[in-house]
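2 protein chains.
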Amino acid sequence: MKSKKTLQDVAAAAGVSKMTASRALRGDKDVSSTNIQKVRKAAREIGYFGNHLAASLSSKRSDLIGVVVPSLSNIVFPQVMSGVTNALVGTGFQPVFGVTDYDPNKENEILRNMLSWRPGGLIVTGLDQPEETRKLLLDADVPIVQIMDVDGTPVDSCVGFSHAKAGQDMATAILAAGRKRIAYAGCNIDKDTRAQKRRRGFVDTLNQHGQTLVTEKIADGLSSVAAGRQLAKDLSEHHPDLDCIYFSNDDLAIGGLSYCIDAGIAVPKTMVLVGFNGLELLDAFPGKVVTSRTSRQEIGETAANLILASLKGARSADPVTTVIEPEVLLGDLKPK
Amino acid sequence: MKSKKTLQDVAAAAGVSKMTASRALRGDKDVSSTNIQKVRKAAREIGYFGNHLAASLSSKRSDLIGVVVPSLSNIVFPQVMSGVTNALVGTGFQPVFGVTDYDPNKENEILRNMLSWRPGGLIVTGLDQPEETRKLLLDADVPIVQIMDVDGTPVDSCVGFSHAKAGQDMATAILAAGRKRIAYAGCNIDKDTRAQKRRRGFVDTLNQHGQTLVTEKIADGLSSVAAGRQLAKDLSEHHPDLDCIYFSNDDLAIGGLSYCIDAGIAVPKTMVLVGFNGLELLDAFPGKVVTSRTSRQEIGETAANLILASLKGARSADPVTTVIEPEVLLGDLKPK
DNA sequence: TGTGGTATCGATACCGGTATCGTGATCAGT
DNA sequence: ACTGATCACGATACCGGTATCGATACCACA
Numbered sequence: 001m002k003s004k005k006t007l008q009d010v011a012a013a014a015g016v017s018k019m020t021a022s023r024a025l026r027g028d029k030d031v032s033s034t035n036i037q038k039v040r041k042a043a044r045e046i047g048y049f050g051n052h053l054a055a056s057l058s059s060k061r062s063d064l065i066g067v068v069v070p071s072l073s074n075i076v077f078p079q080v081m082s083g084v085t086n087a088l089v090g091t092g093f094q095p096v097f098g099v100t101d102y103d104p105n106k107e108n109e110i111l112r113n114m115l116s117w118r119p120g121g122l123i124v125t126g127l128d129q130p131e132e133t134r135k136l137l138l139d140a141d142v143p144i145v146q147i148m149d150v151d152g153t154p155v156d157s158c159v160g161f162s163h164a165k166a167g168q169d170m171a172t173a174i175l176a177a178g179r180k181r182i183a184y185a186g187c188n189i190d191k192d193t194r195a196q197k198r199r200r201g202f203v204d205t206l207n208q209h210g211q212t213l214v215t216e217k218i219a220d221g222l223s224s225v226a227a228g229r230q231l232a233k234d235l236s237e238h239h240p241d242l243d244c245i246y247f248s249n250d251d252l253a254i255g256g257l258s259y260c261i262d263a264g265i266a267v268p269k270t271m272v273l274v275g276f277n278g279l280e281l282l283d284a285f286p287g288k289v290v291t292s293r294t295s296r297q298e299i300g301e302t303a304a305n306l307i308l309a310s311l312k313g314a315r316s317a318d319p320v321t322t323v324i325e326p327e328v329l330l331g332d333l334k335p336k
Numbered sequence: 001m002k003s004k005k006t007l008q009d010v011a012a013a014a015g016v017s018k019m020t021a022s023r024a025l026r027g028d029k030d031v032s033s034t035n036i037q038k039v040r041k042a043a044r045e046i047g048y049f050g051n052h053l054a055a056s057l058s059s060k061r062s063d064l065i066g067v068v069v070p071s072l073s074n075i076v077f078p079q080v081m082s083g084v085t086n087a088l089v090g091t092g093f094q095p096v097f098g099v100t101d102y103d104p105n106k107e108n109e110i111l112r113n114m115l116s117w118r119p120g121g122l123i124v125t126g127l128d129q130p131e132e133t134r135k136l137l138l139d140a141d142v143p144i145v146q147i148m149d150v151d152g153t154p155v156d157s158c159v160g161f162s163h164a165k166a167g168q169d170m171a172t173a174i175l176a177a178g179r180k181r182i183a184y185a186g187c188n189i190d191k192d193t194r195a196q197k198r199r200r201g202f203v204d205t206l207n208q209h210g211q212t213l214v215t216e217k218i219a220d221g222l223s224s225v226a227a228g229r230q231l232a233k234d235l236s237e238h239h240p241d242l243d244c245i246y247f248s249n250d251d252l253a254i255g256g257l258s259y260c261i262d263a264g265i266a267v268p269k270t271m272v273l274v275g276f277n278g279l280e281l282l283d284a285f286p287g288k289v290v291t292s293r294t295s296r297q298e299i300g301e302t303a304a305n306l307i308l309a310s311l312k313g314a315r316s317a318d319p320v321t322t323v324i325e326p327e328v329l330l331g332d333l334k335p336k
């Protein structure tokens, strides 16, 4: 049992040629049912499982789909990955995940590495890759789907939504609710370009209505509930007259909510807390946090399906951009 | 730029043989510094990146580390994956993730698939694989680390903690706090064997102290905040005299907390809510939920490092079992 | 000058599959 | 019985690298 079994061993055990064994195991045509049985039996008995390395090298294609996400510290990207995985189940394709930590250099390195495995396709988060990485993708000659954003020029296909618009829509909703003393609270701002786009959309819309942010505060490190709690504390202590905090995501907003609850600040009456993503977690606080619900699973599934379609369609299908619009959830916040 | 560049192309461009180019790019010995420069330059200029398929096939080893987790719907396993990724950064090894959805058949299939890529090592969640899968792993001849559990017999090495003991410890703590009317609330019970082990440890310890569960309730589907909220509602409506609910994890417990807050039930005074994992999310509710803090990142990192050590040590190192004990966090619960 | 050692390189043989094409056998139709 | 088509199968040539070993050049030293 120790020695690696090769197709040759299976063939020998089944009394046929390597080629026939190969065909039989892959369900190719041109094999008699007798031999199919024999080969399958032999493979099972000697404990054979294929060698994807050799198979992919020989056939010049692999059934790997590379998926590159910036972070695992927040449930959002695991959910995207989950969507990809679901869409790929039963197709014979297997996802391979890479994590960039929002580092463009690491992203480039990961993509190079993935491409060297000759994947069937690539799913990459975001549209804002540096020029060098972009070129890498353009030259790659595999279907590529960029996800989670549509504000920019995709390399190939694209599934997501406009963060700029999400920020604008939220600002409109907040203004409609009559809020005037608004702060921004974020994390990791220079690295997460999508959060930046939301912020910009939000601020621009405020400005267009003659308003400005009262203040803003950016915490170091990754977003977390604890960071949000601290941000809310700092902001409301320095600016007791705030009536709304726009957080860069739900994790922070929930931290803010936890602070407000403890500090006896009425939410959303006295203070509106705005997040982003619409995490299921918010079910624990019905109506409290204003947010935009994004469909992470659906984005992952759609991206994977685009890859599959493009792979099935032999020649590279035309690039598609699919927008999966977030839904603004106002919760208990009633427009005046 | 379109045509795939091969090592041969690089060699030609650099005016050396394929073999010299190969050595130069891998930093092997026996290459003059002149040629190293020439080859590197040529590779950069024609946009060459290697072919891991060919390299791994030829060298009979790949730098892939397979990581199999049961779920992505909860932040716990992404954090483990994150730990693995961190430990692997800069080592030249790349993690490949698979998700089983707690389905043993899917797990077997994923493992077969991974093994067919001849990975350098395998990290697998849990010790309770069916016999057939266990045999697959035993015959695999790659370093294997099973994680998140130590209650059982590992195939090779193992990193985690005893869920039975975690359940026992928690029961001891709850009894010490004087709680007598205790319910169990879980999800997905038949599939998550580790949650089962905790439950059993918990119940056994209650019994040893002459107590029994007042009731228990299992929700269908995956654990979630919403499910926990509903479980808490059902349990406390049917059993108004409960003074403690032992949830199978923190997600459910937080849902329970959210119900209690809305229902005006004092936590932990009137009702003790117990979870498991010690998610960072609990920072939003300081002191409210009793839980056991597990070190997911650390488990992932340790597992990856074990694989690396075993790979570096040429011959398979002796199996190691590393216990990373969870810490019981009682929060505001004071023993009477 | 002869000898041995070291540094550098290339020819060749694989790694374990798959693509391709050719061969013999079987069978229907005339 | 002969022809052409279809079926089943195997021999052979790769896929794009790496391992191995032998060849060459250069140098130190006897």
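Protein sequences, first through last, are from chains D and S. Per the numbering used here, numbering through the first sequence is continuous, rising by one, with the last residue being 336. Per the numbering used here, numbering through the second sequence is continuous, rising by one, with the last residue being 336. Here a beta-carbon is modelled for each residue, glycine too, at the ideal position from N, C-alpha and C. Just so we're clear, the structure is a prediction, and the values are computed from it rather than from any experiment.
Q. Given that a residue counts as buried once 16 or more other Cβ atoms are within 10 Å of its Cβ, and exposed if not, what is D:Asn249?
A. Counting from 1 along the first sequence, the entry for residue 249 of chain D is found at position 249. Taking all protein chains shown into account, D:Asn249 has 16 or more neighbouring C-beta atoms within 10 Å of its C-beta and is therefore buried.
Q | From D:Ala263, D:Lys4, D:Glu325, D:Asp318, residue whose alpha carbon lies closest to that of D:Arg293 | A | Within the first sequence, numbered from 1, the residue matching residue 293 of chain D stands at position 293. That would be D:Glu325, whose Cα lies nearest to the Cα of D:Arg293.
(Q) Distance check for D:Thr193 and D:Glu237, CA to CA, integer angstroms please. (A) Within the first sequence, numbered from 1, the residue matching residue 237 of chain D stands at position 237. Within the first sequence, numbered from 1, the residue matching residue 193 of chain D stands at position 193. CA-to-CA, the gap between D:Glu237 and D:Thr193 works out to about 29 Å.
Q: Determine whether the Cβ of D:Asp139 lies closer than 8 Å to any Cβ atom of chain S.
A: Position 139 of the first sequence, counting from 1, holds the residue named residue 139 of chain D. For D:Asp139, the answer is yes, since a Cβ of chain S falls inside 8 Å of its Cβ.
Q.
Give me, in chain order, the residues of the same chain whose beta-carbon lies closer than 7 Å to that of S:Met148; leave out the 5 immediate sequence neighbours on both sides.
A. Position 148 of the second sequence holds residue 148 of chain S. Answer for S:Met148: Thr125, Gly126, Gly160, Arg194, Ile299, listed in chain order.
**Q.** Cutoff 8 Å: D:Glu280 Cβ touching any chain S Cβ
**A.** As a working mapping, residue 280 of chain D is identified with position 280 in the first sequence. Cβ-Cβ to chain S under 8 Å: yes for D:Glu280.
Q. Taking the alpha-carbon positions, what's the D:Asp220 to S:Ala140 distance?
A. As a working mapping, residue 220 of chain D is identified with position 220 in the first sequence. As a working mapping, residue 140 of chain S is identified with position 140 in the second sequence. So the alpha carbons of these two residues sit roughly 44 Å apart.
Q | S:Ser32, buried or exposed, once every other Cβ within 10 Å from all chains shown has been counted against 16 | A | As a position in the second sequence, residue 32 of chain S is number 32, starting the count at 1. Classification of S:Ser32: exposed, given that the 10 Å Cβ count is below 16.
Q: May I ask which residues mark the beginning and end of the beta strand (DSSP E) holding D:Val328?
A: As a position in the first sequence, residue 328 of chain D is number 328, starting the count at 1. Where D:Val328 is concerned, the enclosing beta strand (DSSP E) stretches over 327-329.
Q: Give, in chain order, every residue of the stretch 83-116 of chain D whose Cβ lies closer than 7 Å to some Cβ of chain S.
A: Thr85, Gln94, Val96, Phe97, Val99, Arg112, Asn113, Leu115, Ser116
Q: List the residues of chain S that D:Ile254 touches, going by C-beta distances under 7 Å, in chain order.
A: One-based indexing of the first sequence puts residue 254 of chain D at position 254. Ordered by position in chain S, the residues that pass the 7 Å Cβ test against D:Ile254 are Ala284.
Q.
Check whether chain D comes within 8 Å of S:Asn188, counting only Cβ atoms and requiring the distance to be less than that.
A. In the second sequence, the residue the question calls residue 188 of chain S occupies position 188. It does not: the Cβ of S:Asn188 has no partner Cβ on chain D nearer than 8 Å.
Q: Give the secondary structure of S:Gly98 by DSSP, where H, G and I count as helix, E and B as strand, and everything else as coil.
A: Position 98 of the second sequence, counted from the start, is the residue given in the question as residue 98 of chain S. Looking at S:Gly98 - three-state DSSP - the assignment turns out to be strand.
Q. DSSP state of D:Ser73, grouped into three classes?
A. Reading the first sequence from its first residue, position 73 is the one you call residue 73 of chain D. In the displayed model, D:Ser73 falls within coil according to three-state DSSP, outside both helix and strand.
Q: Tell me, to the nearest whole angstrom, how far the beta carbon of S:Asp198 is from that of S:His163; I am working on the premise that it is less than 8 Å.
A: The sequence position of residue 198 of chain S within the second sequence is 198, counting from 1. The sequence position of residue 163 of chain S within the second sequence is 163, counting from 1. According to the sequence displayed, residue 198 of chain S carries Arg and not Asp. Right, the Cβ-Cβ distance comes to about 5 Å (below 8 Å), so this counts as a contact.
Q | Nearest-angstrom Cα separation, counted from S:Gly92 out to S:Gly47 | A | Working through the second sequence from its first residue, we reach residue 47 of chain S at position 47. Working through the second sequence from its first residue, we reach residue 92 of chain S at position 92. Approximately 20 Å, taken between the alpha carbons.
Q: Flag S:Leu7 as yes if its beta-carbon sits less than 8 Å from any beta-carbon of chain D, otherwise no.
A: The sequence position of residue 7 of chain S within the second sequence is 7, counting from 1. Cβ-Cβ to chain D under 8 Å: no for S:Leu7.
Q) DSSP state of S:Ser157, grouped into three classes? A) Reading the second sequence from its first residue, position 157 is the one you call residue 157 of chain S. DSSP places S:Ser157 in strand when its eight states are reduced to three.
Q: Could you spell out where the beta strand (DSSP E) holding D:Ser224 opens and where it closes?
A: Locating residue 224 of chain D in the first sequence gives position 224, counting from the first residue. In the DSSP assignment, D:Ser224 falls outside any beta strand (DSSP E), carrying neither H nor E.
Q. Where do the ends of the beta strand (DSSP E) carrying S:Thr321 lie?
A. Within the second sequence, the letter at position 321 stands for residue 321 of chain S. Looking at the DSSP string, the run of the beta strand (DSSP E) that includes S:Thr321 is 321-323.
Q. With C-beta atoms as the reference, is D:Gly287 less than 8 Å away from D:Gly331?
A. Within the first sequence, residue 287 of chain D is the residue found at index 287, counting from 1. Within the first sequence, residue 331 of chain D is the residue found at index 331, counting from 1. Yes, Cβ-Cβ distance for D:Gly287 and D:Gly331 is below 8 Å.
Q) Whose C-alpha, out of S:Leu281, S:Asn113, S:Leu282, is nearest the C-alpha of D:Gly50? A) Walking along the first sequence from the start, residue 50 of chain D turns up at place 50. Nearest option by C-alpha distance: S:Asn113.
Q. If we cut at 8 Å on Cβ distances, does S:Ser73 have a partner in chain D?
A. Locating residue 73 of chain S in the second sequence gives position 73, counting from the first residue. Using a Cβ-Cβ cut-off of 8 Å, S:Ser73 counts as an interface residue toward chain D, since at least one Cβ of chain D sits closer than that to its own.
Q. Three or more beta-carbon pairs under 8 Å between the stretch 224-234 of chain S and the stretch 179-189 of chain S, yes or no?
A. yes
Q. Does S:Met148 have its Cβ less than 8 Å from a Cβ in chain D?
A. Sequence index remark: in the second sequence, residue 148 of chain S carries index 148 (1-based). So no, S:Met148 is outside the interface.
**Q.** Assigned exposure category for S:Pro335 - 16 Cβ within 10 Å defines buried
**A.** As a working mapping, residue 335 of chain S is identified with position 335 in the second sequence. Here S:Pro335 scores only 49 on pLDDT, less than 50, and its place in the model should not be relied on; the value that follows carries that caveat. Exposed, since its Cβ has fewer than 16 Cβ neighbours within 10 Å.
Q) Do we get a CB-CB distance below 8 Å when we pair S:Gln79 with the residues of chain D? A) What you label residue 79 of chain S is simply residue 79 of the second sequence in a count that begins at 1. Answer yes: the Cβ-Cβ gap between S:Gln79 and chain D drops below 8 Å somewhere.
Q | Proximity to S:Lys191 [Cα-Cα], best of S:His52, S:Ser258, S:Asp241, S:Tyr102 | A | The count along the second sequence starts at 1 and reaches residue 191 of chain S at position 191. Considering only alpha carbons, the answer is S:Tyr102.
Q. Taking 8 Å as the CB-CB limit, is S:Arg44 close to chain D?
A. The residue given as residue 44 of chain S occupies position 44 in the second sequence. Judged by the 8 Å Cβ criterion, S:Arg44 is not in contact with chain D.
Q: Can you pull the chain D residues whose beta carbon is under 7 Å from the beta carbon of S:Arg118, in chain order?
A: Within the second sequence, numbered from 1, the residue matching residue 118 of chain S stands at position 118. Ordered by position in chain D, the residues that pass the 7 Å Cβ test against S:Arg118 are Asn51, Leu53.
Q: Report back the beta-carbon spacing between D:Ala54 and D:Val39 to the nearest angstrom; my notes put them in contact at under 8 Å.
A: Start at 1 with the first residue of the first sequence, and residue 54 of chain D comes out as number 54. Start at 1 with the first residue of the first sequence, and residue 39 of chain D comes out as number 39. About 17 Å separates the two Cβ atoms, so there is no contact after all.
Q: Go ahead and label S:Gln79 buried or exposed: buried means 16 or more other beta carbons lie within 10 angstroms of its beta carbon, across all protein chains shown.
A: Position 79 of the second sequence holds residue 79 of chain S. Answer is buried; the Cβ neighbour count reaches 16.
Q. Just to check, is the beta-carbon of D:Ala227 closer than 7 Å to a non-hydrogen atom of the ligand NAD?
A. The ligand NAD is not part of the structure shown, which contains no ligands of any sort.
Q) Given that D:Arg229 touches chain S, what residues does it touch there, using C-beta distances under 8 Å? A) Locating residue 229 of chain D in the first sequence gives position 229, counting from the first residue. Those within 8 Å of D:Arg229 in chain S are Asp283, Ala284.
**Q.** Contacting residues, own chain, Cβ-Cβ under 8 Å from D:His69 (five flanking each side not counted)
**A.** Your numbering for residue 69 of chain D matches position 69 in the first sequence. Rather than His, the amino acid found at residue 69 of chain D in this sequence is Val. Once the five neighbours on either side are set aside, the close Cβ partners of D:Val69 are Phe77, Val80, Met81, Phe97, Gly98, Val99, Thr100, Thr125.
Q) For S:Ile174 versus S:Val274, is the C-beta spacing smaller than 8 Å? A) Here residue 174 of chain S corresponds to residue number 174 of the second sequence, with the count starting at 1. Here residue 274 of chain S corresponds to residue number 274 of the second sequence, with the count starting at 1. The answer is yes: Cβ separation under 8 Å.
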